[in-house]
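A.B. asks: Residue numbers (this note's numbering), protein chains in the order written: chain A, 2 to 155; chain B, 194 to 423.
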Amino acid sequence: MLPPPEEIKSALEQLLPGVSLTLDAGGLIVVPNDLVAVCRCLKENERFSLDYLANLTAVDYPAEQRMDVVYHLYSMAKKHGPVTLKVKLDRNQPVVASVTPIWRGAEFQEREAYDLFGVRFEGHPDLRRILMWEGFEGHPMRKDYVVEDQDVLG
Amino acid sequence: MASHIQHQSPIIQHRFEMAVDQGLQSELQKQGVFVTSWDQLLNWGRSNSIWPLQFGLACCAIEMIATAASRYDIARFGSEIFRASPRQADLIIVAGTVTKKMAPQVVRLYNQMAEPKYVISMGACATSGGPFHTGYNVLKGIDRYIPVDVYIPGCPPTPQALLEGLMRLQERIKSRSMGQEVGPKQGEYPIPEFGASGLAPRYNPDVFQPKKPWADPPASQLPKPIAPQP
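1) Specify the secondary structure class of Ile-30 (chain A) as computed by DSSP and reduced to three states.
2) In the DSSP assignment, find the beta strand (DSSP E) that holds Pro-83 (chain A) and state where it starts and stops.
3) Which bits of chain A does Ser-314 (chain B) rub up against, with CB to CB less than 8 angstroms?
4) Starting from Ala-261 (chain B) and walking both ways along the alpha helix (DSSP H), at which residues does that stretch end?
5) On the CB-based measure, 16 or more other CB atoms within 10 Å of its CB, does Val-147 (chain A) come out buried or exposed?
6) Could you tell me which chain B residues have their CB closer than 7 angstroms to the CB of Gly-136 (chain A), listed as they occur along the chain?
7) Return yes when the Cβ of Asp-232 (chain B) is within less than 8 angstroms of the Cβ of Pro-371 (chain B), no when it is not.
8) Using three-state DSSP, classify Ala-64 (chain A) as helix, strand or coil.
9) With DSSP collapsed to three states, give me the class of Ser-272 (chain B).
10) If we ignore side chains and look at the alpha-carbon of each, how far apart do Pro-228 (chain A) and Glu-7 (chain A) end up?
11) Secondary structure at Tyr-179 (chain B), three-state DSSP: helix, strand or coil?
12) May I have the straight-line CA-CA distance separating Arg-92 (chain A) from Gln-66 (chain A), to the nearest angstrom?
13) So, is Tyr-75 (chain A) buried or exposed, given that buried needs 16 or more other C-beta atoms within 10 angstroms?
14) Residues in the segment 112–146 of chain A with C-beta within 9 angstroms of chain B's C-beta atoms, listed in sequence order?
15) Since Thr-320 (chain B) is in the alpha helix (DSSP H), which residue starts that stretch and which ends it?
16) Let me confirm a value: Leu-234 (chain B) is counted as buried when at least 16 other C-beta atoms fall within 10 Å, else exposed. Which label applies?
17) Checking 8 angstroms against the spacing of the C-beta atoms, do Gly-391 (chain B) and Asp-116 (chain A) come in under that value?
18) If we count Cβ pairs, one from each stretch, closer than 8 angstroms, do we get three or more for the segment 68–85 of chain A versus the segment 41–53 of chain A?
19) Taking the straight line between their C-alpha atoms, what separation do you get for Ser-263 (chain B) and Arg-269 (chain B)?
20) Decide if Val-96 (chain A) is buried, meaning its Cβ has at least 16 other Cβ atoms within 10 Å, or exposed.
21) Take Pro-297 (chain B) and list the residues in its own chain whose beta-carbon comes closer than 6 angstroms to its own, dropping the five residues that flank it on each side.
22) From Ala-107 (chain A) to Arg-129 (chain A), what distance separates their C-alpha atoms?
23) Please state if the CB of Val-120 (chain A) and the CB of Ala-59 (chain A) are separated by a distance shorter than 8 angstroms.
24) Using a Cβ-Cβ cut-off of 6 angstroms (strictly less than) and excluding sequence neighbours within five positions of Asp-69 (chain A), which residues of its own chain qualify?
25) How about Arg-432 (chain B): is its C-beta nearer than 8 angstroms to some C-beta of chain A?
26) Does any residue of chain C bring its CB to less than 8 angstroms from the CB of Arg-337 (chain B)?
27) Going by alpha carbons, who is nearest to Lys-144 (chain A) out of B:Asp-399, B:Tyr-329 and B:Asn-304?
28) Hey, is the segment 340–354 of chain B in contact with the segment 310–327 of chain B, meaning 3+ C-beta pairs nearer than 8 angstroms?
29) With a threshold of 6 angstroms on Cβ separation, who are the neighbours of Leu-57 (chain A) within its own chain once the five nearest residues in sequence on each side are excluded?
30) If the cut-off is 8 angstroms on Cβ atoms, which residues from the segment 212–227 of chain B count as contacting chain A, listed in chain order?
31) Measure the CB-CB distance between Glu-220 (chain B) and Pro-350 (chain B) and report whether it falls below 8 angstroms.
32) The beta strand (DSSP E) spanning Val-343 (chain B) covers which residue range?
33) For Thr-101 (chain A), list the residues DSSP reports as bridge partners.
34) Determine, using beta carbons only, whether Arg-395 (chain B) comes closer than 8 angstroms to chain A.
Dropping the structure here:
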């Protein structure tokens, strides 16, 4: 069974000295610089074995000038989950380390977050647009994106 | 069904009368002689063996498949032969949401079809973008790039609605005379390209003119805005 978030938080802080996490509505807020260490620990530690990244997406908060990247982790080995991780990034310069080296399945999801939100994933093997075409300008899921033809008939 | 057979277009009735007197025709028929006109014969064959393109885009395609299956049985209308190649198809049923990324391929498929060719726009998405009308990634109607013969409303339209649309198309084909075009001009249409913020051009002016179907009332006739309550 998966321990409650408070226990995961204290276990991680014990295992990784210098890492500090915050609890937020059942999720763990990670400092961007600690993300790779936390993810690797959650995947490789026998207690968690979170070997499956089910979801990776971004959330835009223009009012707070913030861009969150959210990770949902499950364990296929232990049949438990999810564990939610969040990193809070600067909306004007959203850069975070890629988790593709940890979970291979992150590759396309990070490309999607890059395509639609403009989050740059450092260390991604092939970071380019996945849904929109090459030559498309802007990131359409950002809340300040203006659609070209707003007119009803235009 | 019955009302459709009686309610034929005036063009057909006119030609029918010209060909041979109706009473004489019925007399001849009793003797085993069937009299018709070349136009009628050709259109009879043409309208009852429309081969649609085996092509679907979204949930409307599921309804299209249901229409082709045994319960609704599109074979009753001679259209059961869904061809997997546009070269062998007469009709493209644009069944579903046309994303901007898919639109060039739909136009290309239409261009590759042999004439005479027809287009049914099935459902709200193919007709106008439907619930995705204000989105960034969905084409606001396939009629921006290719000429549409029949629009079918619905989200998705029922199989009955698709069959009704098919019967409307058959009516249209039956009203065609040799060498005469009914409906929009066929042929090849330019394929849109991917631009910086959408497709370029945004529509083909040969098939689509963004016109307001209504006239804006003068400002004096507009209702006065209600003053906000303190």
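C-beta: ideal position from N, C-alpha, C; glycine also. Bear in mind that the values here come from a model prediction, so they are computed numbers and not experimental data.
C.D. replies: Result, derived from the coordinates:
1) strand
2) 81–91
3) Those do not exist, as Ser-314 (chain B) stays about 16 angstroms from chain A at its closest Cβ, beyond 8 angstroms.
4) 252–261
5) exposed
6) Phe-387 and Ala-389
7) At residue 371 (chain B) the sequence reads Met, which differs from the Pro that was named. Yes, the pair counts as a contact, with Cβ atoms nearer than the cut-off.
8) coil
9) coil
10) Lying outside 2 to 155, the shown extent of chain A, residue 228 (chain A) is not represented and no answer is given.
11) Outside the modelled stretch of chain B, which goes from 194 to 423, sits residue 179 (chain B), for which no answer is possible.
12) 5 angstroms
13) buried
14) Leu-132, Met-133, Trp-134, Glu-135, Gly-136, Phe-137, Glu-138, Gly-139, Pro-141, Met-142 and Tyr-146
15) 316–321
16) exposed
17) no
18) yes
19) 10 angstroms
20) exposed
21) Ile-384 and Pro-385
22) 14 angstroms
23) yes
24) Val-60, Lys-87 and Lys-89
25) Beyond the ends of chain B as shown, which are 194 and 423, falls residue 432 (chain B); an answer cannot be given.
26) No chain C appears in this structure, whose protein chains are A and B.
27) B:Tyr-329
28) yes
29) Tyr-72, Ala-107 and Gln-110
30) none
31) no
32) 343–345
33) Partner(s): none; Thr-101 (chain A) has no beta bridge.
34) yes
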